[in-house]
Structures are given as C-alpha cells and as structure tokens.
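Single-structure report; data block below.
Numbering (our numbering), first residue to last: 324 to 407.
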C-alpha cells in the first residue's frame, strides 16, 4: 500500500497541479500530507491537489509517481474513490 502522486498536468491559477492519494486509507493520506505541510482543509474528498514543486517534495518523501490512470485504478481498487 502506498501514497501515490500523478503527473502535474492540470492547469489552475498559472500553475500545474497533481493529485496526491493513498491506496491504503485516508488516515495515511492525511498523515503524509500533514508531514509535507499541506493543511487538512485542502483535502478534496479523496485526494489533495498539489502543485508541481510540491509533487517533487512528495516523491522525495516517499510517494510513488504514477500516471493518472494508475492512480484512479488503485484508488478504486482500494474502495477510496469518491464519486462526483
């Protein structure tokens, strides 16, 4: 089980953003995000949005870089994907 981060390809407010998720539990995700300095209020239901420079920090801290399809596949398999 792991913390996953996809590519920072989604543009918003002049930056590129990625998704940070856990395929284990939301508790694991919140703990990892907190250690990176990401405030819990930025949680988006099943993920945190992180800008490209924070993506690099997440990988350095142990997050597994994956593509977006793999991230969603593993989130669904873990039963942690929220429907819109």
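For each residue, glycine too, the CB sits at the ideal point set by N, CA and C.
For residue 345, the secondary structure class from DSSP, reduced to helix, strand or coil, is strand. Sixteen is the threshold: since fewer than 16 other Cβ atoms of the shown chains lie within 10 Å of the Cβ of residue 332, the residue is exposed.
In the three-state reduction of the DSSP assignment, residue 332 falls in the coil class. Straight-line measurement puts the Cα of residue 346 at about 18 Å from the Cα of residue 359. For residue 376, the uninterrupted alpha helix (DSSP H) run begins and ends at 375-383, by DSSP.
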